[in-house]
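Participant: Shown below is the structure under consideration.
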Amino acid sequence: MRIATWNVNSIRSRIERVIPWLERTEVDVLAIQETKTREDQFPFFRFEEIGYEVAHHGLNQWNGVAIASRVGLSDVQAGFAGAPLWGEGETPEARHLAATCGGLRINSVYVPNGRNLVDPHMDYKVEWLARLRDAALTWAAQGPTMIMGDWNIAPQDEDVWSMEFYADKSHVSPRERAAFRAVVEAGYADLVRPLHPGPKVYTYWDYQQLRFQKGRGMRIDFILATPDVAARVTGALIDREERKGKGASDHAPVVVDLADA
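The sequence shown: position 61 = 61 (the numbering used here), numbered continuously.
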């Protein structure tokens, strides 16, 4: 089975990239982040035309997560217990969606961006990850589980093109890295890093200042899984080619191949 995650940075803007990519790569399950659309605006029919079921959780033009599967999609759940609210919001933001696909519990996550080290959004980000870690502990005890998406964290120094540049910025702070590490230590493994250890292995390149062309990226998109899933990995890919060309997202898809259970 082939599983992937991709921050598409607006599904309606990127649908003409996503559908051909799914057909070309034969991905069985795709976790999508930053759909930036409401339920009634999501292009469900485009996925259905090529044999995928889709679950989507989106409340407005911000955030949004989805799961597309051609190996079954059941027990869909939007959000996790204890997820914090942002600001004066009355409901949690659309940052998590789970479904069972092909015998695996798939979690698509779009972790908040801390913005900067002293912004209140950084406190929100760290709290959100703490509650995700609590939920992840429960999920790990329930069966084969994968948590994947845009984590907005570069866990290691080699995951950014310049630590000097990011020293006073978000994504690399000790608080953020500790929060990411806590989720891993709840019973998960990074499925891609062992096969693509770096340095200079990135999943995101800002649109500005020719960052992609200059190789100035960040590794912030990850696929984590419980040990029973990690033992099935036969290959992995960061599809850097998909960051190229007209209409590309600023993130590349991250893919893993799993042997049959």
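Quick reminder that beta carbons are idealized off the backbone N, C-alpha and C, glycines included.
With H, G and I counted as helix, E and B as strand and the rest as coil, what does DSSP make of S249?
Facilitator: For the purposes of this step, residue 249 is taken as the residue at position 249 of the sequence shown. Coil.
Participant: With DSSP as the reference, label Y207 as helix, strand or coil.
Facilitator: Residue numbering aside, residue 207 sits at position 207 when the sequence shown is read from its first letter. If DSSP states are grouped into helix, strand and coil, Y207 belongs with coil.
Participant: Please look up how many angstroms separate the CB atoms of G247 and E49, rounded, as I've assumed it's under 8 Å.
Facilitator: Against the sequence shown, residue 247 aligns to sequence position 247. Against the sequence shown, residue 49 aligns to sequence position 49. The pair is not a contact, with the Cβ atoms about 19 Å apart (cut-off 8 Å).
Participant: Any chance the region 31-45 sits against the region 54-72, with 3 or more Cβ pairs inside 8 Å?
Facilitator: At 8 Å Cβ cutoff, the stretches touch.
Participant: Run the CB neighbour count on N338, radius 10 Å, all protein chains shown included, and call it buried at 16 or more, exposed below.
Facilitator: A query on residue 338 cannot be resolved here, the shown segment of the chain reaching from 1 to 261 and no further.
Participant: So, at 7 Å on beta carbons, what are the nonlocal neighbours of L346 in its own chain, with the 5 sequence-adjacent residues on each side left out?
Facilitator: The chain is shown from 1 up to 261; residue 346 falls before or after that span and cannot be answered.
Participant: Grouping DSSP H, G and I as helix and E and B as strand, with all else coil, what is Y166?
Facilitator: For the purposes of this step, residue 166 is taken as the residue at position 166 of the sequence shown. In the structure shown, Y166 sits in a helix (DSSP, three-state: H, G or I).
Participant: With a threshold of 8 Å, are at least 3 pairs of Cβ atoms found where one atom belongs to the region 226-240 and the other to the region 183-191?
Facilitator: In short, these stretches touch, since the Cβ pair count reaches three.
Participant: Across which residues does DSSP place D75 in a beta bridge pair?
Facilitator: Along the sequence shown, read from residue 1 onward, the residue named residue 75 stands at position 75. According to DSSP, D75 bridges with nothing at all.
Participant: Could you tell me which residues DSSP pairs with A225 in its beta bridges?
Facilitator: Taking the first residue of the sequence shown as 1, we reach residue 225 at position 225. The partner list for A225 (beta bridge, DSSP) reads M146, A189.
Participant: Can you tell me whether Q41 is helix, strand or coil according to DSSP?
Facilitator: Along the sequence shown, one-based indexing puts residue 41 at 41. Looking at Q41 - three-state DSSP - the assignment turns out to be helix.
Participant: Per DSSP, W161 is paired with what?
Facilitator: Taking the first residue of the sequence shown as position 1, residue 161 is located at position 161. W161 is not bridged to any residue.
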